[in-house]
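Trainee:
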Amino acid sequence: MSEQDARAAATEASPEDRAAALGTLLLQSLTALAAADQVEMACRIAGQAYAVLRRDDEHQAQRFNSLLHRLARRLNW
Numbered sequence: 403m404s405e406q407d408a409r410a411a412a413t414e415a416s417p418e419d420r421a422a423a424l425g426t427l428l429l430q431s432l433t434a435l436a437a438a439d440q441v442e443m444a445c446r447i448a449g450q451a452y453a454v455l456r457r458d459d460e461h462q463a464q465r466f467n468s469l470l471h472r473l474a475r476r477l478n479w
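Residues in the sequence shown are numbered from 403 upward in steps of one, following the working numbering.
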């Protein structure tokens, strides 16, 4: 898919679909951050995302909560 096609598809998507896509991108980014030995930073950002979403979008918030708990086991404090 070209960049232009991707932009066109994004503008046709509903706000909920765009928010879900952004959530997926952020989750992928946090997973990559953790894989680069930045687990604590990934956990902090996942926790912040959860706090932002918990009242308005429980499904998206739970995705970040799940990632946070998976990553927390890898912390070396």
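The beta-carbon is built from N, C-alpha and C at its ideal position, and this holds for glycine as well.
1) Do E442 and L477 come within 8 Å of each other at the CB atom, strictly closer than that value?
2) Using 8 Å as the threshold, is the C-beta distance between A423 and A436 below it?
3) On the criterion of 16 or more Cβ atoms from any shown chain inside 10 Å, does A415 qualify as buried, or is it exposed?
4) Is L473 buried or exposed, if buried means 16 or more other CB atoms sit within 10 Å of its CB?
5) Which residue comes first and which comes last in the alpha helix (DSSP H) that contains S431?
6) List the endpoints of the continuous alpha helix (DSSP H) containing L470.
7) Considering Q450, what are the terminal residues of the alpha helix (DSSP H) in which it resides?
Mentor: By the coordinates alone:
1) Between L477 and E442, the C-beta spacing is below 8 Å.
2) No, these two residues do not count as a Cβ contact at 8 Å.
3) Result: exposed.
4) Looking at its Cβ environment, which holds 16 or more other Cβ atoms inside 10 Å, L473 is buried.
5) It spans P417 to A437 - the alpha helix (DSSP H) in which S431 sits, taken as one unbroken run.
6) In this chain, the alpha helix (DSSP H) harbouring L470 covers E460 to A474.
7) V441 to L455 is the span of the alpha helix (DSSP H), which, as asked, contains Q450.
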